[in-house]
Amino acid sequence: MLLALLTRNGVNAAGKRFPIASLTVKRAFSRSMSTPLLLSPSQLQQLLLSESPTDSATKQISILDSSWFMPNSPRKANEEFQEKRIPGAQFLDLDEVSSPHDLGLKHMIPSERHFTDVCEEFGIDPTSHVILYDTHGVFSSPRALFMFRAFGHEKSSVLDGGLPRWEAEGFPIEAKPPVRARKSVYPTPVFDKGMIRSYDQMVSNSFTDLHSDSAVELVVDARSRGRFLGTESEPRAGLSSGHIPHSFSLPFTAFLQTRTIPNSSVQYSTFLSLPELRNALVSHVGDHAEAVIQGKRPITTSCGSGMTAGVLWLGLKLLGVQNVALYDESWTGYASRASSKIEKAAN
Numbered sequence: 001m002l003l004a005l006l007t008r009n010g011v012n013a014a015g016k017r018f019p020i021a022s023l024t025v026k027r028a029f030s031r032s033m034s035t036p037l038l039l040s041p042s043q044l045q046q047l048l049l050s051e052s053p054t055d056s057a058t059k060q061i062s063i064l065d066s067s068w069f070m071p072n073s074p075r076k077a078n079e080e081f082q083e084k085r086i087p088g089a090q091f092l093d094l095d096e097v098s099s100p101h102d103l104g105l106k107h108m109i110p111s112e113r114h115f116t117d118v119c120e121e122f123g124i125d126p127t128s129h130v131i132l133y134d135t136h137g138v139f140s141s142p143r144a145l146f147m148f149r150a151f152g153h154e155k156s157s158v159l160d161g162g163l164p165r166w167e168a169e170g171f172p173i174e175a176k177p178p179v180r181a182r183k184s185v186y187p188t189p190v191f192d193k194g195m196i197r198s199y200d201q202m203v204s205n206s207f208t209d210l211h212s213d214s215a216v217e218l219v220v221d222a223r224s225r226g227r228f229l230g231t232e233s234e235p236r237a238g239l240s241s242g243h244i245p246h247s248f249s250l251p252f253t254a255f256l257q258t259r260t261i262p263n264s265s266v267q268y269s270t271f272l273s274l275p276e277l278r279n280a281l282v283s284h285v286g287d288h289a290e291a292v293i294q295g296k297r298p299i300t301t302s303c304g305s306g307m308t309a310g311v312l313w314l315g316l317k318l319l320g321v322q323n324v325a326l327y328d329e330s331w332t333g334y335a336s337r338a339s340s341k342i343e344k345a346a347n
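Heads up: the sequence shown is residues 1 to 347, going by UniProt numbering.
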């Protein structure tokens, strides 16, 4: 069932690794080596078909629609979920499952207790395989995966291509009212603080030189190149564009490919292959790419509000990068502070 994904991620049928291009690509699985980061629709369908119907007290597979749209978008994620979803899916509102912030920032990582409560309401227990998808294909679901992995729920995956690919490949869609899950018991987890960077950490890192210290973190920004350079305005009114000093532009779209559903104008995104991901990283950060992949330099992802930074995080994890964190506040938090130094020139 997982042979295609294993091959794509640099593992042959015997379970042995093979090199991809000139860079050493490490494992593309979680630390548990048992749950893939990405699943195709056919792989998800196989999991659903193999799920035992006899143990109703344990939800073996929990599917969550984690779609999210920009505040200025006319689309409403929850309304679309009510109209159409993968059968049995529940809706994960990333703005609701979050912690309050002094600057009013949205979808900040939730508290351990809040995460626990949400898992219990969804009927998720520590053995559940959580499948996350969105209606773009790949957009907000990696951020949801980041949250589950940060709380130690390693048995979690993203549906590559999301709902549009699932539907395009002929798998069933549910339109009837969603059924509320049976509440579960989820022990309060311990949040991995090393996966998140704070404002103070980002400021401190921005004063250091990548070339003089291997411990300095490489910061990659998932926003568009224009917003990074300050030539395009930010979607949030009154917020300056530009970038954190010494950071690199790596638009999240560089890790994705756009597909079109045959005989329609509907498009969706999926992740690139591993060689293509590696090439995208090299083209944007140059010689630093090999040090990052080999674990010789830590890396932190950022974006506008901490959402698409998850796409870069997942792409790096697929490449086997272990030492990767996410700046939760991202550019909105950084640029909202008058004391922040903002650059608008290319690296």
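Glycine residues also receive a C-beta, built at the ideal position from the N, C-alpha and C atoms.
If you run the structure through DSSP and keep just helix, strand and coil, what is isoleucine 293? Residue numbering aside, residue 293 sits at position 293 when the sequence shown is read from its first letter. Note: isoleucine 293 maps to helix in three-state DSSP.
Could you check how far apart the C-beta atoms of serine 62 and phenylalanine 122 are, in whole angstroms? I think they sit under 8 Å. Taking the sequence shown and counting its residues from 1, the one referred to as residue 62 is at position 62. Taking the sequence shown and counting its residues from 1, the one referred to as residue 122 is at position 122. Yes, serine 62 and phenylalanine 122 are in contact; Cβ-Cβ is about 6 Å, under 8 Å.
Where lysine 344 falls, given that 16 or more other Cβ within 10 Å makes a residue buried: Along the sequence shown, one-based indexing puts residue 344 at 344. Exposed.
Where isoleucine 244 and lysine 341 are concerned, what is the direct C-alpha to C-alpha distance, given to the nearest angstrom? Here residue 244 refers to the residue found at position 244 of the sequence shown. Here residue 341 refers to the residue found at position 341 of the sequence shown. In a straight line, the C-alpha of isoleucine 244 is about 7 Å away from that of lysine 341.
Using three-state DSSP, classify methionine 70 as helix, strand or coil. Your numbering for residue 70 matches position 70 in the sequence shown. It is coil, neither helix nor strand.
At least one CB of chain B closer than 8 Å to the CB of serine 339: is that the case? The structure shown contains no chain B; it holds only a single protein chain.
Measure the alpha-carbon distance for alanine 144 versus valine 321 and round it to whole angstroms. The count along the sequence shown starts at 1 and reaches residue 144 at position 144. The count along the sequence shown starts at 1 and reaches residue 321 at position 321. Alanine 144 and valine 321: Cα-Cα distance of roughly 19 Å.
Length-filtered (3 minimum) beta strand (DSSP E) runs lying within the UniProt domain "Rhodanese" (213-343): 218-221, 256-260, 267-271, 299-302 and 324-327
Can you look up leucine 44 in the DSSP assignment and give me helix, strand or coil? On the sequence shown, position 44 is the one that residue 44 refers to. It is helical.
Is the beta carbon of isoleucine 261 sitting closer than 8 Å to the one on proline 164? As a working note, residue 261 is residue 261 in the sequence shown. As a working note, residue 164 is residue 164 in the sequence shown. Yes, the pair counts as a contact, with Cβ atoms nearer than the cut-off.
Please classify methionine 70 as buried or exposed, where buried requires at least 16 neighbouring CB atoms within 10 angstroms. By 1-based counting over the sequence shown, the position of residue 70 is 70. With fewer than 16 other Cβ atoms within 10 Å, it is exposed.
Rounded separation between proline 235 and serine 98 - CA only: The sequence position of residue 235 within the sequence shown is 235, counting from 1. The sequence position of residue 98 within the sequence shown is 98, counting from 1. Spanning the two alpha carbons is a distance of roughly 21 Å.
C-beta atoms of arginine 197 and leucine 277 nearer than 8 Å: One-based indexing of the sequence shown puts residue 197 at position 197. One-based indexing of the sequence shown puts residue 277 at position 277. Not in contact: arginine 197 and leucine 277 (Cβ atoms no closer than 8 Å).
Could you tell me the boundaries of the alpha helix (DSSP H) in which valine 190 lies? The residue labelled residue 190 in the question sits at position 190 within the sequence shown. Valine 190 -> no alpha helix (DSSP H), and no H or E assigned at all.
Could you name the residues of the same chain whose beta carbon sits closer than 8 Å to that of isoleucine 299, not counting the 5 residues immediately before and after it, in chain order? Sequence index remark: in the sequence shown, residue 299 carries index 299 (1-based). Contacts found: Glu217, Leu218, Val219, Val220, Val292, Leu316, Val321, Asn323, Val324 and Ala325.
Where valine 138 falls: helix, strand or coil (DSSP): As a first step, residue 138 is located in the sequence shown; it is residue number 138 there, counting from the start. The answer is coil: DSSP assigns valine 138 none of H, G, I, E or B.
Can you tell me where the beta strand (DSSP E) holding valine 179 begins and where it ends? Walking along the sequence shown from the start, residue 179 turns up at place 179. Counting along the chain, valine 179 falls outside any beta strand (DSSP E), and DSSP gives it neither H nor E.
Which residues mark the beginning and the end of the beta strand (DSSP E) in which aspartate 65 is found? Residue numbering aside, residue 65 sits at position 65 when the sequence shown is read from its first letter. First-last of the beta strand (DSSP E) with aspartate 65: 61-65.
Tell me whether the segment 177-184 and the segment 99-110 touch, counting them as touching only if at least three CB pairs, one residue from each stretch, are closer than 8 Å. no
Provide the residue span of the alpha helix (DSSP H) that contains leucine 163, from first to last. Your numbering for residue 163 matches position 163 in the sequence shown. Leucine 163 -> alpha helix (DSSP H) spans 162-168.
How is the alpha helix (DSSP H) around serine 206 delimited, first residue to last? Here the question's residue 206 lines up with position 206 in the sequence shown. Run containing serine 206: 199-206, per the alpha helix (DSSP H) assignment.
How would you label histidine 211, buried or exposed, when you count the other beta carbons within 10 angstroms and need 16 or more for buried? Your numbering for residue 211 matches position 211 in the sequence shown. It is exposed - the Cβ of histidine 211 has fewer than 16 other Cβ atoms within 10 Å.
Just to check my reading of the structure: phenylalanine 139 and threonine 332 have Cβ atoms closer than 8 Å, yes? What is that Cβ distance to the nearest angstrom? Reading the sequence shown from its first residue, position 139 is the one you call residue 139. Reading the sequence shown from its first residue, position 332 is the one you call residue 332. Contact doesn't hold; Cβ gap of about 17 Å is too wide.
Where do the ends of the alpha helix (DSSP H) carrying histidine 129 lie? Within the sequence shown, residue 129 is the residue found at index 129, counting from 1. No alpha helix (DSSP H) holds histidine 129; the beta strand (DSSP E) holding it covers 129-133.
Please state whether DSSP places glutamate 51 in a helix, a strand or coil. Position 51 of the sequence shown, counted from the first residue, corresponds to residue 51. In this structure, glutamate 51 counts as coil in the three-state DSSP scheme.
With a 10 Å radius around its C-beta and 16 neighbouring C-beta atoms as the bar for buried, classify proline 36 as buried or exposed. Locating residue 36 in the sequence shown gives position 36, where the first residue counts as 1. Per the 10 Å Cβ criterion, buried.
Does DSSP classify leucine 103 as helix, strand or coil? The sequence position of residue 103 within the sequence shown is 103, counting from 1. Here leucine 103 sits in coil by DSSP.
Look at the alpha carbon of serine 336 and the alpha carbon of glutamate 169, and state the distance between them as a whole number of angstroms. For the purposes of this step, residue 336 is identified with residue 336 of the sequence shown, where counting begins at 1. For the purposes of this step, residue 169 is identified with residue 169 of the sequence shown, where counting begins at 1. Using only the alpha carbons, I get a separation of about 43 Å.
Extent of the continuous beta strand (DSSP E) to which valine 158 belongs: Looking up residue 158 in the sequence shown gives position 158. Unbroken beta strand (DSSP E) run through valine 158: 156-159.
The alpha helix (DSSP H) that contains threonine 35, what's its start and end? Stepping through the sequence shown from its first residue, residue 35 is reached at position 35. It is not in any alpha helix (DSSP H) - threonine 35 carries neither H nor E in the DSSP assignment.
Which whole-angstrom value describes the C-beta separation of glycine 137 and threonine 270, a residue pair presumed to lie in contact below a C-beta threshold of 8 Å? The residue given as residue 137 occupies position 137 in the sequence shown. The residue given as residue 270 occupies position 270 in the sequence shown. Sure, about 6 Å apart at Cβ, within 8 Å.
If you measure between the beta carbons of glutamine 90 and leucine 48, is that distance less than 8 Å? Translated into the one-based positions of the sequence shown, residue 90 becomes position 90. Translated into the one-based positions of the sequence shown, residue 48 becomes position 48. Not in contact: glutamine 90 and leucine 48 (Cβ atoms no closer than 8 Å).
Helix, strand or coil at arginine 85 according to DSSP, with G and I counted as helix: Numbered from its first residue, the sequence shown carries residue 85 at position 85. Strand, per DSSP.
Determine whether the beta carbon atoms of isoleucine 131 and leucine 159 lie at a separation below 8 Å. The residue labelled residue 131 in the question sits at position 131 within the sequence shown. The residue labelled residue 159 in the question sits at position 159 within the sequence shown. A contact, by the Cβ cut-off of 8 Å.
With DSSP run on the structure shown, which of helix, strand or coil describes phenylalanine 148? Walking along the sequence shown from the start, residue 148 turns up at place 148. Three-state result, phenylalanine 148: helix.
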